[in-house]
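Before any comments, here is the structure.
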Amino acid sequence: MTGYADRVRALFDEIDQTPWGPQERALVAEAVALAQESGDERLEYEARMRQTSSANMIGDTDLMLTSFAWCLGHHDADPSRFPALIEPAGDLMWQYKWMAGALRGSPEFAPEQISAVLDDMEEHYRRAGLGSSGVLMARFEDAWAAGRWEEADALQQQLEATPRDDYSHCDACVRSQFAGYFAETGREDDAIRLVQELVEGGFACGEEPEHALARALVPYLRAGMLEEARTAHLRSYRLAKDNPDNLTIVAKNVVFCVVTGNAARALALVERHLPWLVHDGLNAEAHVSALGAFAVALDAVAEAGHPDTIVRGSDAEPLAEVFGPHEGPWTVSDLAARAWAEAERIAAAFDTRNGTDAHARGLDRLRETARERYDVPIRSHEFSTLPAPTTPQTAAERIDRALVLSSAGSRTAIDAIRAALPDADETERVTLTSHLLSALVAYGHIEEASAALPERLSVLRAAGRTAQADLEERLGLILFGAGLEESLPLVRAELESAAEADVDVRADLWSTLAIGLLWTGEHAEAAEAARTAVALFRAAGDLRRAHGMQLLEADALASPDHAAASASAVDALLADPAVDDGRRTRALVTRARLHGMAEEFAAGAAEADEATRLALTIGADDQIVAETSLLAAALHEDAGRPSEAVSRYRLAADRREAADLTSIDVRFRLGRAMLAAGFAAEAVDTLNDVLREESENEEEPASRAITAGLLAQALQGAEDFGNAVGAWAYTADLREEAGDVPGRAFALVQQGRILGRFGEVDDAIEILTAAVGLLRGNEDEVGLLADGLHTLAQAHNQRGDDEVFALLDEALELGRQHDAGWFVADVLDTRARVLGGRGRTDEAVATALQAADGFAGAGDASSSAGAELLAGRLLLGAERPGDAVPLLRTALEHADGVEGLRDAVALDLGNALEMLGRHAEAAEVRATIRS
Numbered sequence: 000m001t002g003y004a005d006r007v008r009a010l011f012d013e014i015d016q017t018p019w020g021p022q023e024r025a026l027v028a029e030a031v032a033l034a035q036e037s038g039d040e041r042l043e044y045e046a047r048m049r050q051t052s053s054a055n056m057i058g059d060t061d062l063m064l065t066s067f068a069w070c071l072g073h074h075d076a077d078p079s080r081f082p083a084l085i086e087p088a089g090d091l092m093w094q095y096k097w098m099a100g101a102l103r104g105s106p107e108f109a110p111e112q113i114s115a116v117l118d119d120m121e122e123h124y125r126r127a128g129l130g131s132s133g134v135l136m137a138r139f140e141d142a143w144a145a146g147r148w149e150e151a152d153a154l155q156q157q158l159e160a161t162p163r164d165d166y167s168h169c170d171a172c173v174r175s176q177f178a179g180y181f182a183e184t185g186r187e188d189d190a191i192r193l194v195q196e197l198v199e200g201g202f203a204c205g206e207e208p209e210h211a212l213a214r215a216l217v218p219y220l221r222a223g224m225l226e227e228a229r230t231a232h233l234r235s236y237r238l239a240k241d242n243p244d245n246l247t248i249v250a251k252n253v254v255f256c257v258v259t260g261n262a263a264r265a266l267a268l269v270e271r272h273l274p275w276l277v278h279d280g281l282n283a284e285a286h287v288s289a290l291g292a293f294a295v296a297l298d299a300v301a302e303a304g305h306p307d308t309i310v311r312g313s314d315a316e317p318l319a320e321v322f323g324p325h326e327g328p329w330t331v332s333d334l335a336a337r338a339w340a341e342a343e344r345i346a347a348a349f350d351t352r353n354g355t356d357a358h359a360r361g362l363d364r365l366r367e368t369a370r371e372r373y374d375v376p377i378r379s380h381e382f383s384t385l386p387a388p389t390t391p392q393t394a395a396e397r398i399d400r401a402l403v404l405s406s407a408g409s410r411t412a413i414d415a416i417r418a419a420l421p422d423a424d425e426t427e428r429v430t431l432t433s434h435l436l437s438a439l440v441a442y443g444h445i446e447e448a449s450a451a452l453p454e455r456l457s458v459l460r461a462a463g464r465t466a467q468a469d470l471e472e473r474l475g476l477i478l479f480g481a482g483l484e485e486s487l488p489l490v491r492a493e494l495e496s497a498a499e500a501d502v503d504v505r506a507d508l509w510s511t512l513a514i515g516l517l518w519t520g521e522h523a524e525a526a527e528a529a530r531t532a533v534a535l536f537r538a539a540g541d542l543r544r545a546h547g548m549q550l551l552e553a554d555a556l557a558s559p560d561h562a563a564a565s566a567s568a569v570d571a572l573l574a575d576p577a578v579d580d581g582r583r584t585r586a587l588v589t590r591a592r593l594h595g596m597a598e599e600f601a602a603g604a605a606e607a608d609e610a611t612r613l614a615l616t617i618g619a620d621d622q623i624v625a626e627t628s629l630l631a632a633a634l635h636e637d638a639g640r641p642s643e644a645v646s647r648y649r650l651a652a653d654r655r656e657a658a659d660l661t662s663i664d665v666r667f668r669l670g671r672a673m674l675a676a677g678f679a680a681e682a683v684d685t686l687n688d689v690l691r692e693e694s695e696n697e698e699e700p701a702s703r704a705i706t707a708g709l710l711a712q713a714l715q716g717a718e719d720f721g722n723a724v725g726a727w728a729y730t731a732d733l734r735e736e737a738g739d740v741p742g743r744a745f746a747l748v749q750q751g752r753i754l755g756r757f758g759e760v761d762d763a764i765e766i767l768t769a770a771v772g773l774l775r776g777n778e779d780e781v782g783l784l785a786d787g788l789h790t791l792a793q794a795h796n797q798r799g800d801d802e803v804f805a806l807l808d809e810a811l812e813l814g815r816q817h818d819a820g821w822f823v824a825d826v827l828d829t830r831a832r833v834l835g836g837r838g839r840t841d842e843a844v845a846t847a848l849q850a851a852d853g854f855a856g857a858g859d860a861s862s863s864a865g866a867e868l869l870a871g872r873l874l875l876g877a878e879r880p881g882d883a884v885p886l887l888r889t890a891l892e893h894a895d896g897v898e899g900l901r902d903a904v905a906l907d908l909g910n911a912l913e914m915l916g917r918h919a920e921a922a923e924v925r926a927t928i929r930s
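Have a look at this one:
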């Protein structure tokens, strides 16, 4: 028994430190099983208490009800041995609050069963001497869910008047629940107020603030608070998207995407979360919400011109439980109709159970809401405008498509060739079987290739190609690439004895040699062999294989030393109208890489985009499309067009995943491009997922630090400064773990800068002091040290410390030593502000003017104007308008074209002139203010 107890309690320790999710669930299940095996019911009671909480948090209603019922039965039978509260296992009376909600979430449970649970809960609370708040909240939630509005109103008001106790909902949940109720009953201003209280107060719990934020989305939009709505959506979805128990939250975010014109994002969310419809069979309340939201999303996609788009993942076998049997994936329009039908069926079942029409009216409201439109663009997804392949209709078309796919190097060629062979004539079979063997070997199907070789030999002999058949019988799969590198001596020997052989035999041997030489890195020799093969294939009338050797020659020469020759070869190939689209796709990829090598990034991106278009047109496999779109994205990014790169990276990631390949590196690049394109909030989601996966994969700290640093920048760009501080701190920790001292110092400087900006001055000074200490004496990081000193000086100034001057002097000295003119001007600007804040006006003005000159010398007219404006304001503050006017006039000239700054200067200049009694001049200046 002791052995069992030790093992189970060790599991308890691990469970209590593991976040909710699959790993935690597996640990709990193991603990329950071991406790049962031990026969110790008290131990099992503690395990099941944990199981109830776990099942509630991950959305397994059936398990939660079963586990709770077992615990409640044992508690009622022997309260001393099985107490209601066992820390940290759980609290049976707190768990009671989840039970009525679980029952009302499915129409399978009758009203009498729900009432009985509520009454039993109230009786248990009364016997335990607990307050009434928890029971009242459970009754309120039941009345609200059933649509008993008068009862719900009365209970809500009673709750407001009831003192809080240990079993009340937490501050976050109370606000969220009431906000949801107010939003549903037309009191959207109150809903917004409660959600803002929750967010500004920092209240949080298991599913908050993500649920409250989701409830506020439509109210925010209707109130014209579009930016607040956008921020709430991105945060809510980011927090909710990994837990299937958050299906209702996701549903509200899907509706937000629909009404804000982000139908492509809505479709992506639907595709991602379709599997959640079968996660918890008893949570029909969430299902009706999700099905309705998914239906309006699919309707919006159809209305946007994509009714026949395939909904990815809709053909998953488990979804047949929800939508019924269906052959293949659903289209957008068909699945929308089916989702509406299923939502209406579930709503009717709820309304029949409850004796109200609340769920039917809820779907009606959803349809009305779906017709609203607000302009809140989110640049995370877009509909593809790329072409789809056509389906070959004739035997000739099937043969041509198979050969084109083979030329492209696509694995889809294998099935296409097999489908084309039955209708091929003798000559076509010779070509098709050759391509089939090459494709099988290329994709590692050596046994299949060996099995197909005898048939290939028969085809050759039947076509009168006896010499070729004899050659292939001698060399076997070597001619198709199997074991070619180590078999090159055999190929050379055959060539030596084939001087008088048929031209097609010699062409085949020279092409095989060229491929082998390329693979062994003998590029010049490979190019020469390829040129020989080209001439022989042309002589034999085999243009397709001649084109293949032309491309091999270009690839063999594709290095900085031979780039011009490679470009010439590939350009000749691309200029040939006889080149098929498969070979053209590969040639465009080579040409795009050559452009990239020559730093002609825009031209390379155009070639890679065309390669992607062709790959999609011919039906190339997902891996090829991923490679071409990834190349296009990288070239667009190098060309300084990150917004263009975003869509290409997204396509590459999607196709990588469709091919069951990792996409984490592509999604890292996607997040980076989003950030560079100004899509910071969207980048947060992407980079957050990448960092989580890197952590799960135990990537090296240095690699994770790069991602964490980008995430921190994205959080700053999204103005989520609290999380940005944490991300920079995590980046600093990872840099330290990786032994990267400058990297750690950089992260600390960024962290300290944000802390200082938001008044956390003591923490900022501590962190910035540590950063500066890491950098002193490192001659390679003078710029970072100077920046750290400047930022630290600013933090000390916020606290009124005299250290500010020494730090600024040190930063100035470093800047002057290294001719960093703009930086010196910026530090002087700070010094002027410090002096002005301490009443040393003349020194401050003189320093500000030095800063203005420095900015001007660095070509930054607007910053120069800003420093002159500072000098003018210092003089106005000292009641010296006469001295201020000439400085402000100069600032006005330098601020020309910088609208906000120019208006600020004009306003101060007008005030100075007014103080001098020069009213006409003041009016003239103020008349130029644009806003």
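When we follow numbering that gives the first Met the number 0, the leftmost residue of the sequence shown carries the number 0, and every step to the right adds one. Glycine included, C-beta positions come from ideal geometry on N, C-alpha and C.
In the DSSP assignment, find the unbroken alpha helix (DSSP H) run with residue i in it and report its ends.
{"i": "residue 683", "result": "679 to 695"}
{"i": "residue 488", "result": "487 to 495"}
{"i": "residue 923", "result": "918 to 925"}
{"i": "residue 118", "result": "110 to 126"}
{"i": "residue 849", "result": "840 to 856"}
{"i": "residue 143", "result": "132 to 145"}
{"i": "residue 172", "result": "170 to 183"}
{"i": "residue 252", "result": "246 to 258"}
{"i": "residue 332", "result": "331 to 353"}
{"i": "residue 870", "result": "860 to 876"}
{"i": "residue 33", "result": "21 to 37"}
{"i": "residue 44", "result": "40 to 57"}
{"i": "residue 398", "result": "394 to 406"}
{"i": "residue 578", "result": "No alpha helix (DSSP H) holds residue 578; DSSP gives it neither H nor E."}
{"i": "residue 304", "result": "Segment: none, residue 304 is in no alpha helix (DSSP H) and carries neither H nor E."}
Kindly give me the distance between the Cβ atoms of residue i and residue j, rounded to whole angstroms, as I take these residues to be in contact under 8 Å.
{"i": "residue 468", "j": "residue 456", "result": "5 Å"}
{"i": "residue 478", "j": "residue 489", "result": "Not quite, the Cβ-Cβ distance comes to about 10 Å (not below 8 Å), so this is no contact."}
{"i": "residue 638", "j": "residue 604", "result": "6 Å"}
{"i": "residue 74", "j": "residue 83", "result": "6 Å"}
{"i": "residue 573", "j": "residue 585", "result": "Rounded, the Cβ-Cβ distance is 11 Å, inconsistent with contact."}
{"i": "residue 62", "j": "residue 4", "result": "Not quite, the Cβ-Cβ distance comes to about 24 Å (not below 8 Å), so this is no contact."}
{"i": "residue 807", "j": "residue 844", "result": "With 8 Å as the limit, residue 807 and residue 844 do not qualify as a contact, their Cβ atoms being about 17 Å apart."}
{"i": "residue 908", "j": "residue 924", "result": "5 Å"}
{"i": "residue 625", "j": "residue 654", "result": "4 Å"}
For residue i, list the residues DSSP reports as bridge partners.
{"i": "residue 207", "result": "204"}
{"i": "residue 514", "result": "For residue 514, which the question treats as bridged, DSSP gives no partner whatsoever."}
{"i": "residue 85", "result": "89"}
{"i": "residue 309", "result": "330"}
>> Extract the residue ranges of the alpha helix (DSSP H) inside the stretch 632 to 670, only unbroken runs of 4 or more that lie entirely within it.
In response: 641 to 657
> With a cut-off of 8 Å, do at least 3 Cβ pairs link the stretch 638 to 648 to the stretch 663 to 681?
Replying inline: yes
> On the three-pair Cβ rule with 8 Å, is the stretch 903 to 918 touching the stretch 863 to 873?
Replying inline: yes
> Do the stretch 616 to 625 and the stretch 594 to 602 touch if we need at least three Cβ pairs shorter than 8 Å?
Replying inline: no
>> If we require 4 or more residues per run, which alpha helix (DSSP H) segments fall completely within the stretch 708 to 781?
In response: 720 to 736, 740 to 756 and 760 to 774
>> Tell me whether the stretch 272 to 280 and the stretch 387 to 402 touch, counting them as touching only if at least three CB pairs, one residue from each stretch, are closer than 8 Å.
In response: no
>> Under 8 Å, with one C-beta from each stretch per pair, do the stretch 197 to 215 and the stretch 358 to 367 reach the 3-pair mark?
In response: no
>> My parser needs the alpha helix (DSSP H) runs of 4 or more residues fully inside the stretch 264 to 295; what are they?
In response: none
> Taking one C-beta from the stretch 265 to 274 and one from the stretch 45 to 55 each time, how about it: are there three or more such pairs within less than 8 Å?
Replying inline: no
> Are the stretch 733 to 744 and the stretch 697 to 705 touching by the rule of at least three beta carbon pairs closer than 8 Å?
Replying inline: yes
> Fully enclosed by the stretch 525 to 566, which alpha helix (DSSP H) runs are 4 residues long or longer?
Replying inline: 542 to 555
>> Would you call the stretch 553 to 562 in contact with the stretch 536 to 543, where contact means no fewer than 3 C-beta pairs closer than 8 Å?
In response: no
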